[in-house]
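Colleague: One structure coming up, written as structure tokens, with questions to follow.
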Amino acid sequence: MRQLILDTETTGLNAKTGDRLLEIGCVELVNRRLTGNNLHFYINPERDSDPGALAVHGLTTEFLSDKPKFAEIAEELREYCRGAEIIIHNAAFDLGFLDMEYARLGWPPFMEHCSGLIDTLLRAREMFPGRRNSLDALCERLGVNNAHRTLHGALLDAELLADVYLAMTRGQESLVIDTSDDDGGEAGGHREKISLRQFDLPIILAAAEEIAAHADVLNGIDKGMKGTCVWRKEPTPPEGDAPPAA
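Take a look at the structure:
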């Protein structure tokens, strides 16, 4: 499976009011392995960045003045992404800008040429409800080193998101517990790796009486607090969950 982790930087927050793309970074995964076949563009947005966005990415109008315009890199970007599954953190933001740039060229939306979309922000909210799920927060939570990230950058953030995505989706592959000695030797002698894929593992659902007992507990909590307990509510994402311009 070919997957592309994609990130952008922009002149501001709203593509519909004239903000433009100024950097695109893509990192390629094939069968969950980084290939090094990445794609990176700086783009002349043909306008200045808003002060708030400039503070985030640090890409000045002067630096971008001799970079290609989006129309000059659009075909290479489209062919690179064609048929791949796209992974984005806060996908609505990046796709809004990509679709606006594509519309300027008379092209259909960006995702029409791709095979699917994964929004890691939505996945993180499901995995960690009620917690901060910005890229920096996920790096800290999942042990991804982002100490070198002082400013937002599309390729840097895509590389970090690739590590975050792999950590978020890494499942247990075997029943082996690592008992290697510190010098690299094996303390327990030869160990045979047992794949879990050979087993037909059962799915055990809660019994009717267990479901009823759980409902009784929640009803009791609701009654005691004279309202609805948090276990009956959809979590509300905390403010500042999504990066302002990435």
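Counting from 1, one number per residue, gives the positions in the sequence shown under UniProt numbering. Just so you know, even glycine gets a beta-carbon here, dropped at the ideal spot from N, CA and C.
Candidates E209, E140 and L6: which alpha carbon is nearest L156's?
Modeller: For the residues E209, E140 and L6, the minimum Cα distance to L156 belongs to L6.
Colleague: Select from E85, S115 and R20 the residue whose C-alpha is nearest the C-alpha of E101.
Modeller: Considering only alpha carbons, the answer is R20.
Colleague: For the stretch 82 to 100 against the stretch 9 to 19, are there 3 or more C-beta pairs whose distance is under 8 Å?
Modeller: Short answer: they touch.
Colleague: Determine, using beta carbons only, whether A74 and L105 come nearer to each other than 7 Å.
Modeller: Cβ atoms of A74 and L105: closer than 7 Å.
Colleague: What's the gap between the Cα of G52 and the Cα of L29?
Modeller: Cα to Cα, G52 sits roughly 32 Å from L29.
Colleague: Put C139 into one of helix, strand or coil per three-state DSSP.
Modeller: Helix.
Colleague: DSSP on E75, reduced to helix/strand/coil?
Modeller: Helix, per DSSP.
Colleague: Where does the unbroken alpha helix (DSSP H) through I221 begin, and where does it stop?
Modeller: Where I221 is concerned, the enclosing alpha helix (DSSP H) stretches over A208 to M225.
Colleague: Comparing C-alpha positions only, which one of C81, T169, D48 and L59 sits nearest to S115?
Modeller: Nearest option by C-alpha distance: C81.
Colleague: Let me know if E9 comes out buried or exposed under the rule of 16 or more other beta-carbons within 10 Å of its beta-carbon.
Modeller: So E9 counts as buried.
Colleague: With a threshold of 6 Å, establish whether the CB of A207 neighbours any heavy atom of the ligand GTP.
Modeller: The ligand GTP is absent from the structure shown, which contains no ligand whatsoever.
Colleague: Please classify V230: is it buried, with 16 or more other beta-carbons within 10 angstroms of its beta-carbon, or exposed?
Modeller: Exposed.
Colleague: Would you call T120 buried or exposed, if buried means 16 or more other Cβ atoms sit within 10 Å of its Cβ?
Modeller: Under this definition T120 is a buried residue.
Colleague: Compare the Cα-Cα distances from D136 to each of H152, L122 and M127 and report the closest residue.
Modeller: Taking only the C-alpha atoms, the option nearest D136 is H152.
Colleague: Going by C-alpha distance, which of R2, G143, N90 and H113 is nearest R123?
Modeller: Checking every option, the nearest Cα to that of R123 belongs to N90.
Colleague: Excluding five sequence neighbours on each side, which residues of the same chain lie with their C-beta closer than 6 Å to the C-beta of G25?
Modeller: The residues are D7, H40, A154, L155 and A158.
Colleague: Looking only at C-alpha atoms, which of I203, P68 and V217 sits nearest to L209?
Modeller: Sequence check: residue 209 is Glu here, not Leu. Ranking I203, P68 and V217 by Cα distance to E209 puts V217 first.
Colleague: Could you tell me the alpha carbon to alpha carbon distance between F70 and R131, rounded to whole angstroms?
Modeller: Distance between the alpha carbons of F70 and R131: 36 Å.
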